[in-house]
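*Asks:* Below is a structure I'd like to ask you about.
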Amino acid sequence: MKLVQKKQVIFKSFVITISLSIVFFLTFASVQRQQRKKTVITTPPAPTGDLRIRPGYNSYEMYIQRQLDKTQNPKLRQIWMTRDWDRKINVFATFFENLKHENLLGNTSKSLCIGARVGQEVAALQRVGVADSVGIDLVPYPPLVIKGDFHDQPFDNNTFDFEFSNVFDHALYPSKFVREIERTLRPNGVCVLHVALSRRADKYSANDLYSTTPLVEMFRDSELVRVKKVDGFGLDTEVVFRKNMMKKNNRRR
Ligand SMILES: *[C@@H]1O[C@H](CO)[C@@H](O)[C@H](O)[C@H]1NC(C)=O
Ligand SMILES: *[C@@H]1O[C@H](CO)[C@@H](O)[C@H](O)[C@H]1NC(C)=O
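In the numbering used here, the protein residues as written are 10 to 262.
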């Protein structure tokens, strides 16, 4: 008789414990759900602009080091200078020939390629007859590419007639990247950018661009000439700007 009673007591406390646990769990889960709902509402919305800077760079030095990791990668450099060399020059030469037919580029255009790595685009410019051309990158590759940071170009104002870049996605400060192009272009000079709009560029990218609108907003001293779909080594859009003849002093910077 005693044993049965004991068993009943154990069973009772077991039932009570389980019930309490369930009640506690349900209350806890509901509080959590409410909190989660609240969090979604109270945190600021994710950036919705068409240009987003990738998170994770705590300092400019850290950003530069990451860019150097790609530019200095011996295996990549080897590929750029061998297997990639002719193939890329041919494709770049076709792009530049088309720009020449549109009178956006000429044999006498003083030209700059920004983020030129080992200088395939510089070699392509020279092949199509644009003799006075040079590239800049964090790591020099003379004579085609000299050392220079696109956030702080090593050139005087009004130096170039033509600037080309397919590394816009690597800019940590896109507006600085654009400001430097507008500073070093001569009045009426042309800037051609190859960008990725419908796909993400690579893991070394520092920004993601989803439309041409942010570019148009940043090129304040230039006019948009045209936008065209291209097949440029993972980049899908060619955007062309022409710097204004006169600096518009009444436009606020
Ligand atoms: C430009 O250079 C190319 C290649 O050297 C040459 O074939 C072409 O005739 C030149 N064009 C002009 C207008 O001088
Ligand atoms: C170069 O251009 C920048 C802005 O475009 C201007 O602030 C600066 O004063 C210019 N420098 C010279 C030496 O004219």
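In this text, a Cβ means the ideal position worked out from N, Cα and C, and glycines have one as well.
Remember, predicted model here, so these are calculated numbers, not experimental data.
1. Taking the C-alpha atoms as reference points, what is the distance between Thr168 and Lys238?
2. What whole-angstrom Cβ distance do Glu172 and Ile190 have, given they're in contact under 8 Å?
3. Between Val199 and Val127, is the Cβ-Cβ spacing less than 8 Å?
4. Could you tell me whether the stretch 145–158 touches the stretch 75–89, where touching means 3 or more Cβ pairs closer than 8 Å?
5. Whole angstroms are fine: how far does the CA of Phe105 sit from the CA of Asp240?
6. Do the CB positions of Asn166 and Arg192 come within less than 8 Å of each other?
7. Spatial neighbours of Ser184 within its chain, please: CB distance less than 8 Å, with the 5 preceding and 5 following residues excluded, ordered by chain position.
8. Within the same chain, show all residues whose beta-carbon is closer than 8 Å to that of Pro196, passing over the 5 residues directly before and after it, in chain order.
9. Run the CB neighbour count on Asp178, radius 10 Å, all protein chains shown included, and call it buried at 16 or more, exposed below.
10. For Leu233, count neighbouring Cβ atoms within 10 angstroms of its own Cβ and tell me buried if that reaches 16, exposed if not.
11. Compute the beta-carbon to beta-carbon distance between Tyr72 and Ala215, rounded to the nearest angstrom, for a pair I have assumed lies under 8 Å.
12. Measuring only from the beta carbon, is Val137 closer than 7 Å to any heavy atom that is part of ligand 1?
13. What first and last residue would you give for the beta strand (DSSP E) that runs through Asp240?
14. Measure the C-alpha to C-alpha separation of Leu181 and Lys212 and round it to an integer number of angstroms.
15. Starting from the Cα of Ile98, find the closest Cα among Ala133, Pro163, Asp230 and Asp217 and give me that residue.
16. Could you tell me which of Leu194, Arg63, Lys84 and Leu244 sits nearest to Val176, measuring between CA atoms?
17. Just reading off the beta strand (DSSP E) that Glu111 is part of, what are its end residues?
18. If I measure Cβ to Cβ from Gln129 and keep anything under 8 Å in the same chain, skipping five residues before and after, which residues do I get?
19. Excluding sequence positions up to five away, which residues of its chain have a Cβ less than 8 Å from the Cβ of Val187?
20. My understanding is that Val154 touches Val131, with C-beta atoms under 8 Å, so please give their C-beta distance in whole angstroms.
21. For the alpha helix (DSSP H) containing Phe173, list its first residue and its last residue.
22. Would you tell me roughly how many angstroms separate the C-alpha atoms of Leu218 and Asn116, rounded to the nearest one?
23. Please return the same chain residues whose Cβ sits closer than 7 Å to the Cβ of Ser220, not counting the five positions on each side in sequence.
24. Rounded to whole angstroms, what's the CA-CA distance from Tyr150 to Ser231? Just pull it up for me.
25. Compare the C-alpha of Asp158 against each of Asp170, Leu121 and Arg208 and name the closest.
*Replies:* Short version:
1. Numbered from 1 along the sequence shown, position 159 holds the residue referred to as residue 168. Numbered from 1 along the sequence shown, position 229 holds the residue referred to as residue 238. Rounded to the nearest angstrom, the two C-alpha atoms are 29 Å apart.
2. Residue 172 sits at position 163 when you count from the first residue of the sequence shown. Residue 190 sits at position 181 when you count from the first residue of the sequence shown. Yes, they are in contact, since the Cβ atoms of Glu172 and Ile190 sit about 5 Å apart, within 8 Å.
3. Position 190 of the sequence shown, counted from the first residue, corresponds to residue 199. Position 118 of the sequence shown, counted from the first residue, corresponds to residue 127. Going by C-beta atoms, Val199 is not nearer than 8 Å to Val127.
4. Output reads yes: the stretch 75–89 touches the stretch 145–158.
5. As a position in the sequence shown, residue 240 is number 231, starting the count at 1. As a position in the sequence shown, residue 105 is number 96, starting the count at 1. Taking the straight line from one Cα to the other gives about 14 Å.
6. Stepping through the sequence shown from its first residue, residue 166 is reached at position 157. Stepping through the sequence shown from its first residue, residue 192 is reached at position 183. The answer is yes: Cβ separation under 8 Å.
7. Position 175 of the sequence shown, counted from the start, is the residue given in the question as residue 184. So the qualifying residues of the chain are Met227.
8. Mapped onto the sequence shown, residue 196 falls at position 187. Excluding residues up to 5 positions away in sequence, Asn167, Lys252, Asn253, Met254, Met255 and Lys256 lie with their Cβ nearer than 8 Å to the Cβ of Pro196 in the same chain.
9. To locate residue 178, count along the sequence shown from 1; it is residue 169. So Asp178 counts as buried.
10. Reading the sequence shown from its first residue, position 224 is the one you call residue 233. By the 10 Å Cβ count, Leu233 comes out exposed.
11. Counting from 1 along the sequence shown, the entry for residue 72 is found at position 63. Counting from 1 along the sequence shown, the entry for residue 215 is found at position 206. About 7 Å; that satisfies the 8 Å criterion.
12. Numbered from 1 along the sequence shown, position 128 holds the residue referred to as residue 137. At least one heavy atom of ligand 1 is nearer than 7 Å to the Cβ of Val137, so yes.
13. Stepping through the sequence shown from its first residue, residue 240 is reached at position 231. From DSSP, the beta strand (DSSP E) with Asp240 extends over Ser231 to Gly241.
14. The residue you call residue 181 lines up with position 172 of the sequence shown. The residue you call residue 212 lines up with position 203 of the sequence shown. In a straight line, the C-alpha of Leu181 is about 13 Å away from that of Lys212.
15. Here the question's residue 98 lines up with position 89 in the sequence shown. Comparing Cα positions, the closest option is Ala133.
16. Translated into the one-based positions of the sequence shown, residue 176 becomes position 167. Val176 has its Cα closest to that of Leu244, out of Leu194, Arg63, Lys84 and Leu244.
17. The residue given as residue 111 occupies position 102 in the sequence shown. Unbroken run through Glu111: none, as it is neither H nor E.
18. Working through the sequence shown from its first residue, we reach residue 129 at position 120. So the list reads Trp89, Asp93, Trp94, Lys97, Ile98 and Phe101, once near-sequence residues are dropped.
19. Residue mapping note: residue 187 aligns to position 178 of the sequence shown, counting from 1. Closer than 8 Å at the Cβ level, and outside the excluded window around Val187, lie Leu224, Met227 and Phe228.
20. Residue numbering aside, residue 154 sits at position 145 when the sequence shown is read from its first letter. Residue numbering aside, residue 131 sits at position 122 when the sequence shown is read from its first letter. Contact holds; Cβ gap of about 7 Å.
21. For the purposes of this step, residue 173 is taken as residue 164 along the sequence shown, with counting starting at 1. That residue, Phe173, is in no alpha helix (DSSP H); its beta strand (DSSP E) goes Phe169 to Ser174.
22. Numbered from 1 along the sequence shown, position 209 holds the residue referred to as residue 218. Numbered from 1 along the sequence shown, position 107 holds the residue referred to as residue 116. So the two alpha carbons sit approximately 32 Å from each other.
23. Working through the sequence shown from its first residue, we reach residue 220 at position 211. Within the same chain, Ser220 has close Cβ partners Asp59 and Leu206.
24. Here residue 150 corresponds to residue number 141 of the sequence shown, with the count starting at 1. Here residue 231 corresponds to residue number 222 of the sequence shown, with the count starting at 1. So the two alpha carbons sit approximately 31 Å from each other.
25. Here residue 158 refers to the residue found at position 149 when the sequence shown is read from its first residue. Among Asp170, Leu121 and Arg208, the Cα nearest to that of Asp158 is on Leu121.
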